[in-house]
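S.K.:
There are 2 protein chains.
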Amino acid sequence: MEARRDVFQAIADPTRREIIGMVAHQSLNVNSLAEKFDVSRQAVSLHVKILQECGLISIRQQGRERYCEAKLEGLGEVSQWIEQYKQFWMDKFDSLDKYLTKLQSEKKTDK
Amino acid sequence: MEARRDVFQAIADPTRREIIGMVAHQSLNVNSLAEKFDVSRQAVSLHVKILQECGLISIRQQGRERYCEAKLEGLGEVSQWIEQYKQFWMDKFDSLDKYLTKLQSEKKTDK
DNA sequence: TATATACGCAAGCATTTACTTGCGCAATAA
DNA sequence: TTATTGCGCAAGTAAATGCTTGCGTATATA
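So the sequences go chain by chain: A and B.
Per our numbering, the first sequence starts with residue 1, numbered consecutively.
Per our numbering, the second sequence starts with residue 1001, numbered consecutively.
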């Protein structure tokens, strides 16, 4: 698990996306983050490390605790990539809202 | 290689992102797509299959050829996910342009 | 100072991934 | 009809991924 990962890879994992979501609202140290998941602290710790390496979060050491803070700008690369295609499909739907509504109704099958 | 993949996973692979990029401009059959890459036709064929399963491209069978057409709406899920965080970091940069410029200069180290 | 807490490092393991090669089959061209 | 071409379906393989279980080490707390 030592390959150089990029942001696209980082957000491919649902657990990591969740971590980003949680940290986006408030900084959390590794342990309290780990408590929210079913996997071990180690597993979460590793996800955190990966996210950090990709520049999606930063760590603020405070005593023996390490607080994770979201660096959402790191998503810019993905945003940019998506953006270039957005217009292509937006035309077909006239408006984003229309599209989102559609997406929402399709998503009802998930989870 | 049989797990149910989602869109985030699909675009995590650079080859698949390239395929999307190519197909976004014009439909291409599997073989002409494969010619553009260093990997075997089979490998590309598999990527195509994955992209299709994730709803990012659709296949139009025409004789013995299978044309891949981009279904960029499939990126909506990712777009939506990114969008929710975009405001968070946009504030810090005032404008998208400013941000993109920054990203660009950082990217000079890549490839 | 002794003990508990927060974490990272590292080794081990089952899957998944990305590819490859070989084979078979239907559609087209000779 | 007989090659040839386009492509999917395995089967096999090396590497990557996600996770776990020890173990070690600072930093707090009793």
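Here a beta-carbon is modelled for each residue, glycine too, at the ideal position from N, C-alpha and C.
Can at least three beta-carbon pairs, one atom from the segment 1080-1090 of chain B and one from the segment 1045-1062 of chain B, be found at a separation below 8 Å?
M.R.: The segment 1080-1090 of chain B and the segment 1045-1062 of chain B do not touch, with fewer than 3 CB-CB distances between them shorter than 8 Å.
S.K.: Within the same chain, show all residues whose beta-carbon is closer than 7 Å to that of Ile-54 of chain A, passing over the 5 residues directly before and after it, in chain order.
M.R.: Position check: residue 54 of chain A holds Cys in this sequence, whereas Ile was assumed. Here the set comprises Arg-5, Asp-6, Val-7, Ala-10 and Gly-74.
S.K.: Under the assumption that Val-1030 of chain B contacts Arg-1066 of chain B (Cβ atoms under 8 Å), give the Cβ distance between them as a whole number of angstroms.
M.R.: The Cβ separation is near 5 Å, so the contact holds.
S.K.: Would a check of beta-carbon distances place Thr-1109 of chain B closer than 9 Å to chain A?
M.R.: In this prediction, Thr-1109 of chain B has a pLDDT of 49, which is less than 50 and means its spatial position is unreliable; nothing more can be read from the coordinates.
S.K.: DSSP three-state label for Arg-17 of chain A, please.
M.R.: helix
S.K.: Buried or exposed: where does Val-1039 of chain B fall if 16 or more other Cβ atoms within 10 Å of its Cβ makes it buried?
M.R.: exposed
S.K.: Around the Cβ of Leu-56 of chain A, are there at least 16 other Cβ atoms within 10 angstroms (buried) or fewer (exposed)?
M.R.: buried
S.K.: Measure from the alpha carbon of Ser-1105 of chain B to the alpha carbon of each residue in A:Glu-77, A:Leu-33 and A:Arg-17, then state which is nearest.
M.R.: When each option's Cα is compared against that of Ser-1105 of chain B, the closest is A:Glu-77.
S.K.: Tell me the residue span of the beta strand (DSSP E) that contains Ser-1058 of chain B.
M.R.: 1057-1062
S.K.: Closest to Lys-1071 of chain B by C-alpha separation, out of B:Leu-1033, B:Glu-1035, B:Ala-1034 and B:Ile-1020, would be which residue?
M.R.: B:Ile-1020
S.K.: Give the residues of chain B in contact with Glu-69 of chain A, contact being defined as C-beta atoms less than 7 Å apart.
M.R.: Within 7 Å Cβ-Cβ: nothing; Glu-69 of chain A doesn't reach chain B, min ~12 Å.
S.K.: List, in order along the chain, the chain B residues whose C-beta lies closer than 8 Å to that of Gln-9 of chain A?
M.R.: Residues of chain B passing the Cβ test: Ala-1012.
S.K.: Pull up the DSSP beta-bridge partners for Arg-66 of chain A, would you.
M.R.: Looking at the DSSP assignment, Arg-66 of chain A forms a beta bridge with A:Gln-61.
S.K.: Work out the CA separation of Leu-1033 of chain B and Arg-1041 of chain B for me, nearest whole Å.
M.R.: 8 Å
S.K.: Output needed in chain order: residues of the segment 46-62 of chain A with a Cβ under 7 Å from some Cβ in chain B.
M.R.: Contacts with chain B (Cβ-Cβ distance below 7 Å) from the segment 46-62 of chain A involve no residue at all.
S.K.: Closest to Gln-87 of chain A by C-alpha separation, out of B:Gln-1087, B:Thr-1015 and B:His-1025, would be which residue?
M.R.: B:His-1025
S.K.: Nearest-angstrom Cα distance between Lys-1036 of chain B and Met-1090 of chain B?
M.R.: 36 Å
S.K.: Near Glu-69 of chain A, what residues of its chain come up, given a Cβ to Cβ distance below 7 Å and the 5 sequence neighbours on each side ignored?
M.R.: Val-23, Ser-27, Ile-57, Ser-58 and Arg-60
S.K.: Given this structure, state the Cα-to-Cα distance separating Gln-1052 of chain B from Arg-1016 of chain B, to the nearest angstrom.
M.R.: Gln-1052 of chain B and Arg-1016 of chain B have their C-alpha atoms some 11 Å from each other.
S.K.: Using a Cβ-Cβ cut-off of 9 Å, state whether Phe-1132 of chain B counts as contacting chain A.
M.R.: Residue 1132 of chain B lies beyond the residue range present for chain B, which begins at 1001 and ends at 1111; the question has no answer from this structure.
S.K.: Taking Ser-1079 of chain B as the query, report the chain A residues whose CB atoms sit under 7 Å from its CB, ordered along the chain.
M.R.: Ile-82 and Lys-86
S.K.: Is the shortest distance between the beta-carbon of Gln-20 of chain A and the beta-carbons of chain B less than 9 Å?
M.R.: Residue identity check: residue 20 of chain A is Ile in the sequence provided, not Gln. At least one beta carbon of chain B lies nearer than 9 Å to the beta carbon of Ile-20 of chain A.
S.K.: Applying the criterion that 16 or more other CB atoms from any shown protein chain within 10 Å of the CB defines a buried residue, is Ala-1043 of chain B buried or exposed?
M.R.: Within a 10 Å sphere around the beta-carbon of Ala-1043 of chain B sit fewer than 16 other beta-carbons, which makes this residue exposed.
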